[in-house]
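Position 57 of the sequence shown, counted from 1, bears residue number 57 in full-length UniProt numbering, the numbering being contiguous throughout. We treat Cβ as the ideally placed atom computed from N, Cα and C, and that holds for glycine. Quick notes on the structure that follows.
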Amino acid sequence: MAASKGRSGVAVLFQGVGFLFAALLVLHLLFILTGIASEGELAGSVAQAAEPLALFFPGLLSVDFPVLQVLLDYGLAACFWVLVGGLLGRVFG
């Protein structure tokens, strides 16, 4: 019988924070693409939280299509945070 490997609380914390950062970026991305970004306080709060989390990704790759540019800017940043959270979770797990 194989023993089940438990995850440490630190590993779960790193993975959770990485997922939360990525979720904020994806939510901001959706707000921009649907045009909700200029309306309401929720969209403003999400934008304010997402901008620093995007790090250096906005403008890293240039394309002529605005929708694709937004997808690349915030999509790559979201993938980065999921990857970093997963890697740190594995290291400390």
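Do residue i and residue j have their C-beta atoms within less than 9 Å of each other?
| i | j | result |
| --- | --- | --- |
| ALA43 | LEU25 | no |
| ALA11 | HIS28 | no |
Please report the residue range of the alpha helix (DSSP H) in which residue i lies.
| i | result |
| --- | --- |
| PRO66 | 66–92 |
| GLU51 | 41–53 |
Out of the options, which one is the CA nearest neighbour of residue i?
| i | options | result |
| --- | --- | --- |
| GLY35 | VAL67, VAL63, ALA50, PHE19 | VAL67 |
| ALA77 | GLY59, ALA11, SER38, ASP64 | GLY59 |
Report all residues from its chain with a CB closer than 8 Å to the CB of residue i; omit the five preceding and five following residues, and keep chain order.
| i | result |
| --- | --- |
| GLY85 | PHE14, GLN15, GLY16, VAL17, GLY18, PHE19, PHE21, ALA22 |
Go through its chain and collect everything with a Cβ distance to residue i's Cβ below 7 Å, but skip five positions before and after it.
| i | result |
| --- | --- |
| GLN69 | VAL63 |
When you compare the CB of residue i with every CB in chain B, is at least one pair closer than 9 Å?
| i | result |
| --- | --- |
| PHE92 | Judged by its chain identifiers, the structure shown contains no chain B, having just a single protein chain. |
Within 10 angstroms of the Cβ of residue i, are there 16 or more other Cβ atoms? Answer buried if so, exposed if not.
| i | result |
| --- | --- |
| PHE56 | exposed |
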